[in-house]
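To start, the structure under review is shown below, and the notes come after it.
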Amino acid sequence: MSNTDITLTAGDAEVTVRPENGGRVSGLRVGGVELLRQGDRYGCFPMVPWCGRIRDGRFRNGATVHRMPLNAPPNAIHGTARDTAWRTARASEDEAVITYDLGEPWPYPGRVTQVITLGADSLTLAMAVETYESSFPAQIGWHPWFNRTLGGTNAADTADAADVRIDFTPAWQEERGADHLPTGRRIDPEPGPWDDCFGMPGGVDVTLTWPGRLELKVASREEWVVVYDEPREAVCVEPQTGPPDGLNSHPRLVTPLEPLEATTTWTWRRL
Numbered sequence: 002m003s004n005t006d007i008t009l010t011a012g013d014a015e016v017t018v019r020p021e022n023g024g025r026v027s028g029l030r031v032g033g034v035e036l037l038r039q040g041d042r043y044g045c046f047p048m049v050p051w052c053g054r055i056r057d058g059r060f061r062n063g064a065t066v067h068r069m070p071l072n073a074p075p076n077a078i079h080g081t082a083r084d085t086a087w088r089t090a091r092a093s094e095d096e097a098v099i100t101y102d103l104g105e106p107w108p109y110p111g112r113v114t115q116v117i118t119l120g121a122d123s124l125t126l127a128m129a130v131e132t133y134e135s136s137f138p139a140q141i142g143w144h145p146w147f148n149r150t151l152g153g154t155n156a157a158d159t160a161d162a163a164d165v166r167i168d169f170t171p172a173w174q175e176e177r178g179a180d181h182l183p184t185g186r187r188i189d190p191e192p193g194p195w196d197d198c199f200g201m202p203g204g205v206d207v208t209l210t211w212p213g214r215l216e217l218k219v220a221s222r223e224e225w226v227v228v229y230d231e232p233r234e235a236v237c238v239e240p241q242t243g244p245p246d247g248l249n250s251h252p253r254l255v256t257p258l259e260p261l262e263a264t265t266t267w268t269w270r271r272l
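Going by our numbering, the first residue of the sequence shown is number 2, and it counts up by one from there.
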């Protein structure tokens with residue numbers, strides 16, 4: 002199938018998927034209101050085969066050291082999948098399946114499959130990394146940019162819109178060094194603004210509330226979430242299978258017998 006834009010619909014929800022632009026969900030509209038920041042770099046992009054930064058772009062697989070391009074000098078950031086075109090495997094009214102074959106600069110062959118499923122009040126994103134050759138460490142995550150405010154249909158509604166509130170109860174916060182990478186120490190969660198990774202051993206559970214408009218819950222069985230709310234226009238809640246630099250600190254091996262799989266579900270309700 003082609004890799005042109007895909008539109009999914011369910012109830013009054015509508016999602017746009019852009020396989021050719023990094024396999025990202027470029028839009029999520031509920032009742033005609035856009036929840037995601039617009040632009041080629043935004044929406045919600047998949048982070049794979051790693052999440053966040055790799056220190057100095059270097060990671061080890063057994064005795065072999067690899068180095069990724071330093072696209073956020075002095076580090077490598079957010080994987081390779083967001084920078085390439087994905088292929089559409091199939092699409093229906095409310096579900097799309099897209100794939101991406103790992104290749105240069107990533108040193109190991111493998112396939113990434115992402116399934117995007119829209120319900121009337123939910124969006125589920127599922128991803129798997131599999132290989133039939135060499136085993137390698139990998140991570141899976143998603144990087145949504147949620148609009149800080151939800152504008153209405155006129156300028157007055159937009160001007161009066163309140164900022165989103167982020168509510169969650171992490172067990173710990175990864176101490177962040179000056180290089181924006183975890184130091185390896187776990188500390189008590191600190192107040193924001195954040196560009197930080199948190200641990201939620203019972204699974205990611207973060208609620209975004211746009212007062213008087215909408216409540217949206219980001220959930221995942223994974224125990225790591227990065228919250229980034231420093232930008233003026235948007236906030237990011239990023240469930241992932243390990244912390245930044247996790248290829249080195251918390252490696253999860255993809256093997257011919259065991260793929261790496263992860264899922265996140267967003268559910269919403271009107272207020």
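We put the beta carbon where it would ideally sit given N, CA and C, even for glycine.
Predicted, not measured: the structure shown is a model, and the values here were computed from it.
Where residue i falls: helix, strand or coil (DSSP)
| i | result |
| --- | --- |
| L151 | coil |
| A121 | coil |
| S221 | strand |
| N72 | coil |
| N62 | strand |
| R54 | strand |
| A163 | coil |
| G193 | coil |
| L126 | strand |
| L182 | coil |
| L248 | helix |
| R42 | coil |
| D84 | helix |
Sheet register partners of residue i (DSSP bridge)
| i | result |
| --- | --- |
| E216 | T210, R270 |
| L37 | F147 |
| I173 | Residue identity check: residue 173 is Trp in the sequence provided, not Ile. Answer is G200. |
| H67 | F60 |
| D102 | R112 |
| I78 | R54 |
| R19 | R25 |
| P47 | W143 |
| D230 | According to DSSP, D230 bridges with nothing at all. |
| D168 | T208 |
Minimum Cβ-Cβ distance from residue i to chain B less than 9 Å
| i | result |
| --- | --- |
| G44 | This model lacks chain B altogether; it includes just one protein chain. |
CA nearest to the CA of residue i, picked from the options
| i | options | result |
| --- | --- | --- |
| T264 | A127, F60, D196, P257 | A127 |
| E262 | A77, E131, D41, F199 | E131 |
| N249 | R68, Q39, D6 | R68 |
| T150 | V205, E216, R187 | E216 |
| W107 | L124, V16, R59, P190 | R59 |
| W143 | A129, R186, S135, Y109 | A129 |
| A82 | Q115, F147, E96 | Q115 |
| T256 | R56, T5, E134 | E134 |
| T266 | L71, C45, W173, T8 | C45 |
| T84 | G63, P74, D41 | Rather than Thr, the amino acid found at residue 84 in this sequence is Asp. The candidate whose alpha carbon is nearest that of D84 is D41. |
Measuring CB atoms only, is the stretch 40-53 touching the stretch 9-29, in the sense that at least three cross pairs come out at less than 8 Å? yes
Contact between the stretch 105-122 and the stretch 12-19: three or more CB pairs below 8 Å? yes
For the stretch 24-44 and the stretch 184-200, state whether three or more C-beta atom pairs, one from each stretch, are separated by less than 8 Å. no
Inter-stretch contact (C-beta, 8 Å, three-pair minimum) for the stretch 81-90 and the stretch 98-105: yes
Cβ contact (3+ pairs, closer than 8 Å) linking the stretch 137-148 and the stretch 50-65: yes
Please determine if the stretch 208-215 and the stretch 109-116 are in contact, where contact requires at least 3 C-beta pairs separated by less than 8 Å. no
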